[in-house]
Amino acid sequence: MRKILASALLLTAASFATGAHALDSSGTPVVVTPLASRTTTASGQPITLPRKNVQVLVSAYDIAPGATLPVHRHPFARYAYVEAGTLKVTNVETGNSNTYKTGDFIIEMIGQWHQATNIGDGPVKLLVIDQVEEGAKNTELRQ
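Just so we're aligned, residue 1 is where the sequence shown starts under full-length UniProt numbering, counting upward by one.
What follows is the structure, encoded as structure tokens:
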């Protein structure tokens with residue numbers, strides 16, 4: 001009986017781990033749709049996290065059509081979900097660019113100079129999550 005129960009629990013756990021469906025406390029289905037799973041940044045670097053006193057910062061960005069952000073870099077991990085619009089991000093050190101559109105998930109490069117331009121007709125809306133050492137800023141502008 002214990003083996004059957006253990007097997008049933010493992011099977012249930014495995015089905016939830018796939019991210020397809022979960023249940024709320026009343027047994028009503030909740031659909032979970034994985035959006036991204038990556039181990040590297042947009043420029044191919046391994047994702048690294050702060051070593052001590054991690055602070056999570058969450059921000060909403062609204063970038064007007066045609067706007068270009070100044071050249072900058074991030075000393076810590078930054079993630080962004082594109083809620084609306086089209087954004088072109090260019091690594092100014094290598095010249096390589098990536099274009100992101102509504103529904104895309106961005107894992108920004110760490111410590112590399114880059115800039116972003118809204119290349120669409122409407123605003124770019126981003127949900128941005130930073131993981132920094134407590135009290136630190138995660139954007140450094142190039143002088």
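Yeah, the Cβ is synthetic: ideal placement off N, Cα and C, and Gly gets one too. These figures come from a predicted structure and were not determined experimentally.
By Cβ distance below 6 Å, which residues in the same chain neighbour Tyr-100 in space, the five residues on each side in sequence not counted? Same-chain partners within the cutoff: Val-82, Leu-87, Ile-106.
Determine whether the beta carbon atoms of Leu-141 and His-72 lie at a separation below 8 Å. yes
CA-to-CA distance, Val-124 to Thr-40, given in whole angstroms: 24 Å
Can you tell me the Cβ-Cβ gap for Asn-118 and Ile-63, rounded? I've got them flagged as a contact below 8 Å. 5 Å
How long is the line joining the alpha carbons of Ala-60 and Asn-53, rounded to whole angstroms? For Ala-60 and Asn-53, the gap between their C-alpha atoms comes out near 23 Å.
Considering just the uninterrupted stretch of the beta strand (DSSP E) at His-114, what are its terminal residues? 114-118
Pairwise C-alpha distance: Gln-131 and Leu-57: Straight-line Cα distance between these residues: approximately 7 Å.
Are the beta-carbon atoms belonging to Gly-120 and Pro-70 less than 8 Å from one another? no
Does Ala-6 pass the burial test, meaning 16 or more other C-beta atoms within 10 Å, or should it be called exposed? With a pLDDT of only 36 at Ala-6, under 50, the local geometry of the prediction cannot be trusted, and the value read off the model is given with reservation. Classification for Ala-6: exposed.
For the beta strand (DSSP E) that Ala-84 lies in, which residues bound it at each end? 77-84
Quick check on Gln-55: does DSSP put it in helix, strand or coil? strand
How would you call Glu-134, buried or exposed, if buried means at least 16 neighbouring beta carbons within 10 angstroms? exposed
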